[in-house]
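Step one of this worksheet: look at the structure below.
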Amino acid sequence: SKNVSIYTHINTDCDALGSALALKEALNFLGKNVDVYIHSNFPVAFQFYGDLSFINQKTVEGKYDLAVCVDCASEARLGKYKFTYRKGVRKTLCIDHHMMNEMFCKVNYVVQASSTAEILFDVLKTLKIHFTPTICKNLLSGIMTDTGKFMHGVGEKTLVVASKLLKFGGIKIEEVSTPLFNSMSLDAFNLLKKVYQKIEFLADNRLAIILLNRRDFIDTNTTLDDTDAFPDILLQLQCVDFGILASEDDKGYFRVSFRSKGDISARAVAESFG
């Protein structure tokens, strides 16, 4: 394949975006022409990844030979690109760590791992590409965020990969952790204060719920993108086993995030609601 398009899920996160950007750089190194398409806004914290103005811009002449979907478990999760990613493309490939993946591409490489970034480390090693500092930072950002700063879903392999990324890229972990985790704006902090005031407890305090309405975002000059770290706050409480954050967008729809610990499966709860 000479011309390649890369896609990931709607409302992208660091694992999805970091994986897509790392794969693009690696394929460019191999002489491929690559475009990236993502149906998403990019929050302020994503300044970590540099200039993203090239995303959703077609630079490749003619049709794509291959469409690669990273960190995406279903065609529907591609958002508006679910209608176009296959168009005129001979081959489709999915690389993902979600074990409920619907295997919607012609080739599906789905592996149980902490993150798609961890899987891509092995993929790029097989391709014998040079691990530049930016590739290493992008992959490490995916691993660190999808594991909640290495607090869940971490096995020996995950830590080995993270260590190698630091070594190959000649980087320090602070170059990733500081801009991603210690860069909250004052507006987002004011929204966080509302979050603490709005927590509701049910089921003998084992269930915690935060409901943010549109007015909360207007009053603090924030958006849904400022809430990415909020669901994890609930699990810091010893008594809480399951946390829910529901945030209203400007069209009256709610984006809902589930978090769980112990033997309770957030995935199973999500599936029970379709």
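According to this note's numbering, the stretch in the sequence shown is residues 23 to 296, in order.
Every residue gets a Cβ at the ideal spot worked out from N, C-alpha and C, and that includes glycine.
Computed from a predicted model, the values in this text were never measured in an experiment.
### Task
Could you tell me the distance, in whole angstroms, from the CA atom of ALA67 to the CA atom of ALA89?
If I take the Cα positions, the gap works out to 27 Å.
### Query
Fully enclosed by the region 202 to 226, which alpha helix (DSSP H) runs are 4 residues long or longer?
Complete alpha helix (DSSP H) runs here, min 4: 208 to 220.
### Query
Name the DSSP bridge partner or partners of GLU270?
Beta-bridge pairing by DSSP links GLU270 to PHE276.
### Check whether LYS54 and SER23 have beta carbons under 8 Å apart
Yes, the Cβ-Cβ distance between LYS54 and SER23 is below 8 Å.
### Message
Using 8 Å as the threshold, is the C-beta distance between TYR29 and TYR86 below it?
### Response
No. Outside cutoff.
### For PRO155 and ILE232, the rounded distance between their alpha carbons
Our two residues, ILE232 and PRO155, have alpha carbons roughly 38 Å apart in a direct line.
### Message
Could you give the first and the last residue of the continuous beta strand (DSSP E) run that contains LYS80?
### Response
No beta strand (DSSP E) holds LYS80; DSSP gives it neither H nor E.
#### Entry: CB contact flag (ALA98, LYS104, <8 Å)
In contact: ALA98 and LYS104 (Cβ atoms closer than 8 Å).
### Task
Quick one: using the 10 Å Cβ neighbour count with 16 as the cut-off for buried, is ARG112 buried or exposed?
Flag for ARG112 reads exposed.
### Query
Quick one, which of ASP73, VAL182, PHE190, GLY175 has its alpha-carbon nearest HIS152's?
Of the listed residues, the one whose Cα sits closest to HIS152 is PHE190.
### Message
Quick check on this structure: which residue in ARG237, ASN227, TYR131, GLU270 has the alpha carbon closest to the alpha carbon of LEU246?
### Response
Of the listed residues, the one whose Cα sits closest to LEU246 is GLU270.
### Task
Quick one: which unbroken alpha helix (DSSP H) runs of 4-plus residues sit fully inside the region 34 to 110? Chain order, please.
Runs found: 36 to 51.
### Task
Check whether the Cβ atoms of ILE32 and VAL58 sit closer than 8 Å, and answer yes or no.
Not a contact, by the Cβ cut-off of 8 Å.
### Message
Assuming SER294 is part of the alpha helix (DSSP H), what are its boundary residues?
### Response
SER294 -> alpha helix (DSSP H) spans 288 to 294.
### Query
Excluding five sequence neighbours on each side, which residues of the same chain lie with their C-beta closer than 8 Å to the C-beta of LEU202?
Cβ contact annotation for LEU202 (same chain, cutoff 8 Å, sequence separation greater than five): CYS36, ALA67, PHE70, SER163, MET166, THR167, in chain order.
### Task
List the endpoints of the continuous alpha helix (DSSP H) containing ILE195.
DSSP places ILE195 in no alpha helix (DSSP H); its state is neither H nor E.
#### Entry: Assigned exposure category for LYS147 - 16 Cβ within 10 Å defines buried
Label assigned to LYS147: exposed.
### Nearest-angstrom Cα separation, counted from ASP209 out to ILE266
For ILE266 and ASP209, the gap between their C-alpha atoms comes out near 22 Å.
### Message
On the DSSP letters alone, give me the boundaries of the beta strand (DSSP E) that CYS116 sits inside.
### Response
Annotation: the continuous beta strand (DSSP E) that includes CYS116 extends over 113 to 118.
### Query
What is the DSSP secondary structure of VAL132, counted as helix, strand or coil?
In the structure shown, VAL132 sits in a strand (DSSP, three-state: E or B).
### Query
Whole beta strand (DSSP E) runs in the region 123 to 182 with 3 or more residues, listed along the chain?
Along the length of the region 123 to 182, whole beta strand (DSSP E) runs at least 3 residues long occupy 129 to 132, reported in chain order.
#### Entry: Given 8 Å, three or more beta-carbon pairs between the region 218 to 226 and the region 170 to 187
No contact exists between the region 218 to 226 and the region 170 to 187.
### Query
Can you tell me whether GLU140 is buried or exposed, with buried defined as 16 or more other CB within 10 angstroms of its CB?
Label assigned to GLU140: buried.
### Task
Note down the Cα distance separating GLY110 from VAL82, rounded to an integer number of angstroms.
If I take the Cα positions, the gap works out to 13 Å.
### Strand pairing of PHE264, partner residues [DSSP]
DSSP, once it has assigned bridges, lists LEU229, SER282 as partnering PHE264.
### Proximity to ALA230 [Cα-Cα], best of SER185, HIS119, LEU259
Closest option to ALA230, Cα to Cα, is LEU259.
### Task
Could you spell out where the beta strand (DSSP E) holding ILE330 opens and where it closes?
Past the edges of the chain, shown from 23 to 296, lies residue 330, and the structure says nothing about it.
### Task
Would you mind reading off the limits of the alpha helix (DSSP H) that contains THR242?
Per DSSP, THR242 is one residue of the alpha helix (DSSP H) stretching across 236 to 242.
### Message
For ASN243, tell me which candidate among LEU213, PRO253, PHE264 has the shortest Cα-Cα distance.
### Response
Comparing Cα positions, the closest option is LEU213.
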